[in-house]
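Since the structure comes first, as structure tokens, the remarks are kept for the end.
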Ligand code: C5P
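In this note's numbering, the protein residues as written are 1 to 247.
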């Protein structure tokens, strides 16, 4: 697993394309491509627009992060991973709870398939415990150990089994960085500027704090999308990343 080549601060900004239509997605990608390195497509847009939206983003010069959080039997997820690689996706999410056999099947599938010329092998990002879960919910589901311990164990397992990175809150980074391989990619959502609405996120951080804590990428959605001037808002995050890198 080689660390991604992040040439410029903007390469570390992931924009969450959480919209309903391909037209809205196209408008945003057009406006934001000069300011954003990676576009994240999740279940909302993928369900409405389908894989064509991936071709659209790629065609407009954006890198792709497919955030569908796969969790199924090994054969099903491995076959889905093959389709992901064919769409020139840079990274995609898989639930660490899928376990050893699922990760091994994905690894075999990606090793055996022939990538299309110019396409790199996509990075598998492990999802541990969703940041929306509380300890009470975890206990209710039968996980008796403390949430941070479960989360760390799942991150260790995922990276041992071939995940190149982990999706994690910036608050979890110190514990994760201490226990995971040095080249692990960390993708941090829950990023807000000082004046941004927090919305339904609970434990937010600024982009600079996340970068200083060791984030490889920061994910920003609403603070850019709901802004009156999304390109300016995105550029403010890029400038903040640049200042944090220089500090
Ligand atoms: O709008 P906002 O900046 O809160 O968007 C954050 C994005 O990151 C959303 O697409 C959300 O689904 C995703 N995400 C998250 N927390 C996680 C994993 C993913 O907010 N733990």
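Think of the CB as a built atom: it goes at the ideal place given N, C-alpha and C, for glycine as much as any other residue.
In or out: residue 178 buried (at least 16 other Cβ within 10 Å) or exposed?
Exposed, by the Cβ-count rule.
Give me, in chain order, the residues of the same chain whose beta-carbon lies closer than 6 angstroms to that of residue 213; leave out the 5 immediate sequence neighbours on both sides.
Excluding the 5 residues flanking it on each side, residue 213 has same chain C-beta neighbours closer than 6 angstroms at 170 and 173, in chain order.
Would you identify the three-state DSSP class for residue 91, choosing helix, strand or coil?
Of the three classes helix, strand and coil, the one that applies to residue 91 here is strand, per DSSP.
Please go through the same chain and pick out, in chain order, the residues whose beta-carbon is closer than 7 angstroms to the beta-carbon of residue 10, but skip the five residues on each side of it.
Cβ neighbours of residue 10 beyond the five flanking positions: 35, 36, 37 and 238.
Cβ of residue 201 within 7 angstroms of any heavy atom in the ligand C5P?
Residue 201: yes, Cβ under 7 angstroms from the ligand C5P.
Just how far apart, CA to CA, sit residue 232 and residue 27?
Their backbone Cα atoms lie some 15 angstroms apart in a straight line.
Per DSSP, the bridge partner or partners of residue 311:
Residue 311 lies beyond the range of the chain shown here (1 to 247); nothing can be said about it.
Under the assumption that residue 251 contacts residue 25 (Cβ atoms under 8 angstroms), give the Cβ distance between them as a whole number of angstroms.
Given that the chain is displayed from residue 1 to residue 247, the structure contains no residue 251 and the question cannot be resolved.
Expected contact under 8 angstroms - CB spacing of residue 13 and residue 220 to nearest Å
About 7 angstroms separates the CB atoms of residue 13 and residue 220; that is less than 8 angstroms, so the two are in contact.
Contacting residues, own chain, Cβ-Cβ under 7 angstroms from residue 122 (five flanking each side not counted):
Taking residue 122 as the centre and dropping the five residues before and after it, the same chain places the C-beta of 84, 85, 89, 90, 91 and 92 closer than 7 angstroms to its C-beta, in chain order.
Sort 200, 20 and 94 by Cα distance to residue 72 and report the nearest one.
Between residue 72 and the set 200, 20 and 94, the nearest pair of CA atoms involves 94.
Could you give the C-beta distance for residue 53 and residue 41, rounded to a whole number, given that I count them as a contact under 8 angstroms?
Right, their Cβ atoms sit about 6 angstroms apart.
Is it buried or exposed for residue 199, if we count other Cβ within 10 angstroms and need 16 for buried?
Label assigned to residue 199: exposed.
Evaluate residue 230 with the Cβ neighbour count: other Cβ atoms within 10 Å of its Cβ, from every protein chain shown; 16 or more gives buried, anything less gives exposed.
Buried: at least 16 other Cβ atoms inside 10 Å.
Compute the minimum distance between the beta carbon of residue 189 and the heavy atoms of the ligand C5P, and state whether it is under 7 angstroms.
Flag set: Cβ of residue 189 near the ligand C5P.
For residue 201, collect the residues of the same chain with a Cβ closer than 6 angstroms to its Cβ; drop the 5 residues on either side in sequence, then sort them by chain order.
Only 190 meet the Cβ criterion.
Per DSSP, cross-strand counterpart(s) of residue 41:
Beta-bridge pairing links residue 41 to 66.
Return yes when at least one heavy atom of the ligand C5P lies under 7 angstroms from the C-beta of residue 145, else no.
Checking the Cβ of residue 145 against the ligand C5P gives no.
Mind checking residue 132: buried by the 16 CB within 10 Å criterion, or exposed?
Exposed is the call here.
Spatially closest choice to residue 234 from 161, 181, 192 and 211, by CA coordinates:
Each of 161, 181, 192 and 211 was checked against the Cα of residue 234, and the nearest Cα belongs to 192.
Beta-carbon within less than 7 angstroms of residue 181's beta-carbon, same chain only, minus the 5 sequence neighbours each way: which residues are those?
Here the set comprises 159.
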